[in-house]
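Asks: Got a structure here, written out as structure tokens. Questions coming.
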Ligand SMILES: [Zn+2]
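Residue numbers (my numbering), protein chains in the order written: chain A, 1 to 231; chain B, 1 to 506.
Laid out in structure tokens, this is it:
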């Protein structure tokens, strides 16, 4: 993975880019911040699926004359999947009185710090680059029992979402470990999306030239990978 | 569970002897914008249910709100008129709760960043005392839909078999004006509450941002009340009486809650923190939702809307559009009309300022305008349980009618008692004054021959009285005037009759 990333950076240098390193210490908290803010908003956004106007209408079992609240509860239980319920519960908790300041309130403050660090970083650089994810893709359903591991995979993309800036990911080659594509992320300041296309196009042209063909041509046989017979 | 019991109350005097009321009022005002607060839907009152809705105000998944600039301007103008600070930067917040009249299951409101805060409003009571009401905040929010609960006996959700919801009202801009706790009002608390709501109504009406019709729900009032034992500075547990929607009810609800709280406390009980329902017909409140487990609305800044940051220039530009404050206007009009303090106060308390202003502007004398609008029509309006402006509007009686009536008197066609009869006809729906006078055959007799004959006849028949007048007892002429008027069936000008009698006898 690191190898693919370094190669892409070198391509950009060859295309005339100047490389500077920036430090954004608050990004350490980006994941925790995101998983407080997103579930909070989701818990509110999804409240409308309450059996009254939106969503299913599932009467609760074993209750003869259910109240509106009981119908809502049964409906929401039946209609939402585990991950959605997890986020609704997390978000409801983070917004609750007595917990708001510690969770949602703190998360918004860190979000501000992250945004400020991006602003400072863009003083030094026109775009920021990083790997898109810490690992290549894991198998479908592989981490369902370990949501934290699943969330951690978003660690590199989440700061941009928190700060509200544009980002782009493009394939930078296959990882030698598992033959799966490695993403290369480019980030630009708000309202400067055109920088993403300029840098992305320059990198893509050089990668294609190096590969001699689109990446798909060298991709592994995914049916074989899925069956676990080959890597 | 049915709510059939009536709570005990203490007499008002006993309650006030032992406790000091602490009062807070929350008034909701619907802004009269053409469109809703966060979408382009129309806001016409009384439209076909659910005909003024769109994806945004129905909360369709994926629909996004946009703030109505006129709504923000209206909010700022109200804040300025209430002598509030206007926030440099503020946001909307989501108030989350599950209720079918909220399509999104949250209400877009403001929480800890209201657009206006820390203001005051001077309220003049009937006896001329001025009480300053401190304003905590005036914030922006959206109205909810209207629920109709069907099948229950009370029309409330409890016991209903199903509910109908009209979302036409959902998303209409609303300003919630919250007072600071009013302490020290004492026995005048009910009166102050009423005067505050009336003053606020007049102020907002003058701003032109809302029609503030309590009977149509464009102005709604919640009354918070608690008692503290005399000498104590610690607020008691408060009740929140919802939807007290007339000036008279505001006064009665405060009075009733003082008496009810006092009875609870006097008997050694504890007041329950709860919302109360106001019953206009019986003048009492009954228990609503208990609030002891403090409802958690999970407020947080609305992520779908940009913050509101009105520039100081734009705020000053709005301040420049504020009309003359009603209190200042009243002072100016009083002096222009030449009314005494007492006369002006009566006119204000009867809600006649606008009507008299229009009538004077239309050409009537200030004295005449006051006389006609505060006489018979006021007595009738009172009997109908309404006020003169509403009653006049209902009858179709206008300032132009008063001008016409007065001109009939000044032109010498009617005397005062005839004018009163004509006015009764106008109020009775018989038409405009001239038409009523024609139809009823009311006209001063201009025929001096007939009048002369009547005077001669009365003098002859009352020789002793006539002699007194001849002897210089001019006031005795009154008895003769009365006789002549009777003789003329009232259709004579009393002043002319008097002149004629005196001419003949002195
Ligand atoms: Zn709409």
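Glycine included, every Cβ here is placed at the ideal spot set by N, Cα and C.
So is residue 162/B buried or exposed if we call it buried at 16+ other beta carbons inside 10 Å?
Replies: Along the second chain, read from residue 1 onward, the residue named residue 162/B stands at position 162. With fewer than 16 Cβ atoms within 10 Å of its Cβ, residue 162/B is classed as exposed.
Asks: Short of 8 Å Cβ to Cβ, which residues in the stretch 83–102 of chain B face chain C?
Replies: Absent from the structure is chain C; the protein chains it does hold are A and B.
Asks: In three-state terms, what does DSSP make of residue 349/B?
Replies: Position 349 of the second chain, counting from 1, holds the residue named residue 349/B. The answer is helix: DSSP assigns residue 349/B an H, G or I state.
Asks: Do residue 210/B and residue 30/B have their C-beta atoms within less than 7 Å of each other?
Replies: Taking the second chain and counting its residues from 1, one reaches residue 210/B at position 210. Taking the second chain and counting its residues from 1, one reaches residue 30/B at position 30. Going by C-beta atoms, residue 210/B is nearer than 7 Å to residue 30/B.
Asks: In angstroms, rounded to a whole number, what distance separates the CA positions of residue 227/B and residue 403/B?
Replies: By one-based count along the second chain, residue 227/B stands at place 227. By one-based count along the second chain, residue 403/B stands at place 403. Cα to Cα, the separation comes out at about 51 Å.
Asks: I'd like the list of long-range same chain contacts for residue 263/B, defined as Cβ closer than 6 Å, with 5 residues on each side in sequence excluded.
Replies: For the purposes of this step, residue 263/B is identified with residue 263 of the second chain, where counting begins at 1. Once the five neighbours on either side are set aside, the close Cβ partners of residue 263/B are 8, 9 and 10.
Asks: Suppose contacts are defined by Cβ-Cβ distances below 7 Å. Is residue 35/A in contact with residue 197/A by that definition?
Replies: As a working mapping, residue 35/A is identified with position 35 in the first chain. As a working mapping, residue 197/A is identified with position 197 in the first chain. No, these two residues do not count as a Cβ contact at 7 Å.
Asks: Measure from the alpha carbon of residue 417/B to the alpha carbon of each residue in 136/B, 432/B, 361/B and 482/B, then state which is nearest.
Replies: Within the second chain, residue 417/B is the residue found at index 417, counting from 1. Checked all of 136/B, 432/B, 361/B and 482/B; the closest Cα to residue 417/B is 482/B.
Asks: Please compile the residues from chain A whose C-beta is within a distance smaller than 9 Å of the C-beta of residue 104/B.
Replies: Within the second chain, residue 104/B is the residue found at index 104, counting from 1. Within chain A, the residues near residue 104/B are 44, 45, 47 and 48.
Asks: Nearest CA to the CA of residue 171/A: which residue from 14/A, 204/A, 114/A and 54/A?
Replies: Within the first chain, residue 171/A is the residue found at index 171, counting from 1. Taking only the C-alpha atoms, the option nearest residue 171/A is 204/A.
Asks: Distance, Cα to Cα, residue 3/B vs residue 26/B?
Replies: Within the second chain, numbered from 1, the residue matching residue 3/B stands at position 3. Within the second chain, numbered from 1, the residue matching residue 26/B stands at position 26. Note on residue 3/B: pLDDT 47, under 50, position unreliable in the model; no value is reported.
Asks: Given a cut-off of 7 Å on the beta-carbon distance, is the pair residue 150/B and residue 160/B in contact?
Replies: Against the second chain, residue 150/B aligns to sequence position 150. Against the second chain, residue 160/B aligns to sequence position 160. Yes.
Asks: Assuming residue 99/B is part of the beta strand (DSSP E), what are its boundary residues?
Replies: For this step, residue 99/B is matched to residue 99 along the second chain. Looking at the DSSP string, residue 99/B is not in any beta strand (DSSP E), and its letter there is neither H nor E.
Asks: With DSSP collapsed to three states, give me the class of residue 14/B.
Replies: Taking the second chain and counting its residues from 1, the one referred to as residue 14/B is at position 14. Looking at residue 14/B - three-state DSSP - the assignment turns out to be helix.
Asks: Quick one: list the residues of chain A neighbouring residue 59/B, beta-carbon separation under 7 Å, in chain order.
Replies: Counted from its first residue, the second chain places residue 59/B at position 59. Simply 48.
Asks: Could you please go through the chain and list the residues whose beta-carbon is closer than 6 Å to any non-hydrogen atom of ligand 1?
Replies: Checking every Cβ against the heavy atoms of ligand 1 under 6 Å gives 36/B, 39/B, 41/B, 53/B, 54/B, 56/B, 57/B and 171/B.
Asks: Can you give me the C-alpha to C-alpha distance between residue 568/B and residue 32/B, rounded to a whole angstrom?
Replies: Missing from the structure shown is residue 568/B; chain B here goes from 1 to 506 and no further.
Asks: Below 8 Å on C-beta distance, what does residue 260/B contact in chain A?
Replies: As a working note, residue 260/B is residue 260 in the second chain. Result: empty, since nearest Cβ-Cβ is about 29 Å, beyond 8 Å.
Asks: What are the uninterrupted segments assigned as alpha helix (DSSP H) that are 4 or more residues long and contained completely in the stretch 429–468 of chain B, given in chain order?
Replies: The qualifying runs are 433–440 and 448–461.
Asks: If you follow the beta strand (DSSP E) that residue 150/A is in, where does it begin and where does it stop?
Replies: Counted from its first residue, the first chain places residue 150/A at position 150. Unbroken run through residue 150/A is the alpha helix (DSSP H), 147–152; no beta strand (DSSP E).
Asks: List, in order along the chain, the chain B residues whose C-beta lies closer than 8 Å to that of residue 92/A?
Replies: Residue mapping note: residue 92/A aligns to position 92 of the first chain, counting from 1. What residue 92/A touches in chain B: 298.
Asks: Could you give the DSSP three-state label for residue 411/B: helix, strand or coil?
Replies: Here residue 411/B refers to the residue found at position 411 of the second chain. Residue 411/B: coil per DSSP, three-state reduction.
Asks: On the CB-based measure, 16 or more other CB atoms within 10 Å of its CB, does residue 401/B come out buried or exposed?
Replies: For this step, residue 401/B is matched to residue 401 along the second chain. By the 10 Å Cβ count, residue 401/B comes out buried.
Asks: Can you tell me whether residue 277/B is helix, strand or coil according to DSSP?
Replies: If you number the second chain from 1, residue 277/B lands on position 277. It is a strand residue.
Asks: Could you tell me whether the stretch 235–243 of chain B touches the stretch 277–284 of chain B, where touching means 3 or more Cβ pairs closer than 8 Å?
Replies: Yes, they touch.
Asks: Is the shortest distance between the beta-carbon of residue 35/A and the beta-carbons of chain B less than 7 Å?
Replies: Counted from its first residue, the first chain places residue 35/A at position 35. Residue 35/A does not count as touching chain B.
Asks: Within its chain, find whatever has a CB closer than 8 Å to the CB of residue 450/B; leave out the 5 residues flanking it on each side and keep chain order.
Replies: Within the second chain, numbered from 1, the residue matching residue 450/B stands at position 450. If we look at residue 450/B and ignore the five residues flanking it on each side, its Cβ neighbours are 488.
Asks: I think residue 92/B touches residue 116/B, with their Cβ atoms under 8 Å apart; what is that distance to the nearest whole Å?
Replies: Looking up residue 92/B in the second chain gives position 92. Looking up residue 116/B in the second chain gives position 116. With 8 Å as the limit, residue 92/B and residue 116/B do not qualify as a contact, their Cβ atoms being about 14 Å apart.
Asks: Might you give, ordered along the chain, the residues of its own chain that have their beta carbon closer than 6 Å to the beta carbon of residue 292/B, omitting 5 neighbours on each side?
Replies: By 1-based counting over the second chain, the position of residue 292/B is 292. Its pLDDT being 48, under 50, residue 292/B is placed unreliably in this model, and the value from its coordinates should be taken loosely. Closer than 6 Å at the Cβ level, and outside the excluded window around residue 292/B, lie 273.
Asks: Within 10 Å of its beta-carbon, does residue 111/A have 16 or more other beta-carbons around it, so buried, or fewer, so exposed?
Replies: In the first chain, residue 111/A corresponds to position 111, counting from 1. Its Cβ being crowded by 16 or more others within 10 Å, residue 111/A is buried.
Asks: Report, in whole angstroms, the separation of the C-beta atoms of residue 164/B and residue 174/B, which I expect to be a contact under 8 Å.
Replies: As a working note, residue 164/B is residue 164 in the second chain. As a working note, residue 174/B is residue 174 in the second chain. Not quite, the Cβ-Cβ distance comes to about 22 Å (not below 8 Å), so this is no contact.
Asks: Following the continuous beta strand (DSSP E) through residue 175/B, name the residue where it begins and the one where it ends.
Replies: Counted from its first residue, the second chain places residue 175/B at position 175. It spans 173–179 - the beta strand (DSSP E) in which residue 175/B sits, taken as one unbroken run.
Asks: Taking only runs that begin and end inside the stretch 107–140 of chain A, name each unbroken beta strand (DSSP E) of 3 or more residues, in chain order.
Replies: Qualifying beta strand (DSSP E) stretches, in chain order: 128–131.
Asks: For the alpha helix (DSSP H) that residue 99/A lies in, which residues bound it at each end?
Replies: Stepping through the first chain from its first residue, residue 99/A is reached at position 99. No alpha helix (DSSP H) holds residue 99/A; DSSP gives it neither H nor E.
Asks: When the cut-off is 7 Å and only beta carbons count, does residue 292/B lie next to chain A?
Replies: One-based indexing of the second chain puts residue 292/B at position 292. Low local confidence applies: a pLDDT of 48 at residue 292/B is under 50, so the model's placement there is unreliable, and no value is given.
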